[in-house]
Ligand code: AMP
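Numbering (the numbering used here), first residue to last: 95 to 560.
Okay, structure coming up:
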């Protein structure tokens with residue numbers, strides 16, 4: 095599939111196997127905790143051991159499910175998904191979990207990530223295959239049910255040997271739950287145990303905590319786990335790949351109360367803020383952050399700089415992530431609707447404002463204007479990520495090369511465009527230091543243009559850059 099046709103998914107997935115538990119309700123609250131990973135559509139599929147029933151719709155978790163719908167999802171295995179995508183693909187047919195009917199039974203699949211060889215994988219499908227959706231996830235799901243193999247693990251292994259790109263998947267048959275992660279470990283996936291019995295898989299540990307499942311660990315890159323009547327089982331892809339966990343999960347995407355690769359996201363973001371203060375100090379009176387994602391970074395900056403941290407902007411929490419709205423017009427309006435300044439904290443002050451990233455450059459100039467209109471005397475923008483200069487092919491909607499402000503302008507030009515008195519980005523080395531990782535352990539494609547081996551693509555890069 096050419097790059098323009100692919101969908102970019104940075105979604106949230108959950109899977110639960112817990113006989114005697116209300117799995118649909120747990121999946122519901124698990125997805126609620128992962129709502130930040132996608133706000134366009136969601137779904138839950140539940141199996142009672144004989145039949146899989148799936149409910150998926152456009153919208154937020156809270157608007158899709160009610161008591162009656164959850165009450166109809168009875169069983170002991172649940173698979174859930176919450177999704178965000180780019181323009182044009184925001185339609186219910188692309189909502190997940192996907193439900194596939196195979197001759198050996200039904201299979202329901204939730205995918206977080208983005209494949210980079212969907213076209214190749216599609217060409218391996220039976221000629222008669224009809225695709226309902228337009229997503230790489232559907233090709234992946236069909237490839238799994240059509241793969242040769244005596245059992246589901248053989249089928250999964252077969253597809254894992256062929257699929258390239260990012261995939262953290264939770265899926266189930268009528269009787270078993272499966273979870274697996276691509277051999278590079280680009281997107282997160284962890285699991286835990288319910289104290290009363292049963293297991294739960296989720297994109298982020300915050301989902302486990304929400305429903306009282308005890309976090310055990312992340313799945314390793316290339317690891318397959320499954321739960322059936324006999325309990326929990328593990329298997330591993332034979333070939334080892336260099337680790338390539340997405341750096342942007344640390345910078346922005348994951349919830350601050352999650353743990354990723356053994357590191358608290360909150361503490362990692364605070365460390366980024368501290369490092370940023372060391373790299374880009376400035377004479378100022380107060381430090382603030384753009385709520386919510388930049389708050390730990392802002393607090394870290396303030397601590398290191400020895401300046402007071404203030405809540406200069408109050409966010410309307412009922413308006414979704416601006417970036418997730420599918421088109422630019424909606425995004426621009428979202429910024430205005432989302433924040434109100436506390437004039438009393440800002441008037442006459444020299445303000446350091448910390449945000450986690452500048453992508454297209456839509457949000458920052460509006461924020462700077464809001465702060466100036468509220469009376470800020472100086473506005474110094476500090477960003478807890480290095481400049482984002484390349485698109486993402488592995489599951490984060492990072493815009494095309496043309497849209498990325500830092501790919502097209504110098505830092506001083508950006509400062510001018512956003513209307514700030516000064517602008518400082520965290521360095522790549524500073525970012526790695528802050529999260530105690532080495533270059534080879536992370537995917538930093540959006541910051542360096544060097545993608546993990548799974549991304550095979552000057553061709554894709556050229557298409558996207560047009
Ligand atoms: P922009 O307005 O395009 O420069 O986007 C930057 C803002 O959107 C920052 O305030 C980030 O917190 C947020 N953001 C950055 N990347 C993403 C993403 N992939 N999805 C949703 N929001 C994002």
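Where is the CB? At the ideal position from N, CA and C, for every residue including glycine.
Close-in-space but distant-in-sequence residues of the same chain around residue i (CB under 6 Å, 5 per side omitted)
i, result
"residue 194", "201, 235, 239"
"residue 204", "107, 173, 175, 190, 191, 264"
"residue 501", "483, 495"
"residue 109", "173, 264, 271, 273, 295"
"residue 486", "492, 540"
"residue 377", "none"
"residue 536", "339, 341"
"residue 120", "110, 305"
"residue 182", "Interpretation of residue 182 is limited by its pLDDT of 40, a score under 50 that renders its predicted location unreliable; the figure taken from the coordinates is listed afterwards. Nothing listed; no residue qualifies."
"residue 507", "none"
"residue 587", "Examination of residue 587 is not possible in this model, given that the chain is present from 95 through 560 alone."
"residue 524", "369, 373"
The ligand AMP heavy atom lying under 6 Å from the CB of residue i
i, result
"residue 462", "no"
"residue 176", "no"
"residue 452", "yes"
"residue 490", "yes"
"residue 285", "no"
"residue 442", "no"
"residue 351", "no"
"residue 202", "no"
"residue 456", "yes"
"residue 387", "yes"
"residue 449", "yes"
"residue 360", "no"
"residue 346", "yes"
Cut-off 7 Å between Cβ atoms - residues of its own chain near residue i, not counting five sequence neighbours on either side
i, result
"residue 443", "379, 380, 470, 471"
"residue 122", "138, 155, 159, 164"
"residue 526", "532, 533"
"residue 322", "269, 270"
"residue 148", "137, 139, 191, 193, 202"
"residue 196", "239"
Close-in-space but distant-in-sequence residues of the same chain around residue i (CB under 8 Å, 5 per side omitted)
i, result
"residue 144", "268"
"residue 257", "209, 211, 215, 234, 237, 276"
"residue 326", "293, 319, 320"
"residue 252", "241, 242, 243"
"residue 473", "445, 447, 462, 465, 466, 513, 514, 515"
Distance between beta carbons of residue j and residue i, contact taken as under 8 Å
i, j, result
"residue 460", "residue 395", "That pair is no contact at about 21 Å."
"residue 373", "residue 517", "Actually they are not in contact, since the Cβ atoms of residue 373 and residue 517 sit about 12 Å apart, beyond 8 Å."
"residue 398", "residue 363", "Residue 398 to residue 363, Cβ: 13 Å. No contact."
"residue 127", "residue 301", "4 Å"
"residue 131", "residue 297", "6 Å"
"residue 453", "residue 391", "At roughly 16 Å, the Cβ-Cβ gap does not stay under 8 Å, so residue 453 and residue 391 are not in contact."
"residue 282", "residue 547", "Not confirmed; about 19 Å, so no contact."
"residue 458", "residue 512", "4 Å"
"residue 330", "residue 529", "About 25 Å separates the two Cβ atoms, so there is no contact after all."
"residue 339", "residue 348", "Their Cβ separation, rounded to whole angstroms, is 10 Å, which puts residue 339 and residue 348 out of contact at 8 Å."
"residue 260", "residue 488", "4 Å"
"residue 178", "residue 105", "7 Å"
"residue 450", "residue 388", "5 Å"
"residue 141", "residue 266", "6 Å"
"residue 309", "residue 290", "Actually they are not in contact, since the Cβ atoms of residue 309 and residue 290 sit about 16 Å apart, beyond 8 Å."
"residue 407", "residue 382", "7 Å"
Chain C contact for residue i (CB, 7 Å cutoff)
i, result
"residue 359", "The structure shown contains no chain C, having only a single protein chain."
Quick check on the DSSP output: what are the complete beta strand (DSSP E) runs of length 3 or more inside the segment 347-415, in order along the chain? The qualifying runs are 380-383, 407-409.
Segments of 3+ residues assigned as beta strand (DSSP E) that fall wholly inside the segment 169-210: Whole beta strand (DSSP E) segments, 3+ residues: 171-177, 192-196, 199-209.
Could you name each continuous alpha helix (DSSP H) segment of 4 residues or more that falls completely within the segment 500-546, going from the start of the chain to the end? Correct list: 505-512, 522-528, 539-542.
In chain order, which continuous runs of the beta strand (DSSP E) of length 3 or greater are located wholly inside the segment 419-503? Whole beta strand (DSSP E) segments, 3+ residues: 433-435, 444-449, 472-477.
Of all the beta strand (DSSP E) runs that stay within the bounds of the segment 201-283, which reach a length of 3 or more residues? List check, beta strand (DSSP E) in window: 259-266, 271-275.
Give the list of continuous beta strand (DSSP E) stretches no shorter than 3 residues that lie fully inside the segment 142-169. Secondary structure in the segment 142-169: the beta strand (DSSP E) runs of 3 residues or longer, each lying completely within the stretch, are 146-152 in chain order.
Beta strand (DSSP E) runs wholly inside the segment 309-345, at least 3 long, in chain order: Counting whole runs of 3 or more residues, the segment 309-345 contains the beta strand (DSSP E) stretches 317-322, 325-330.
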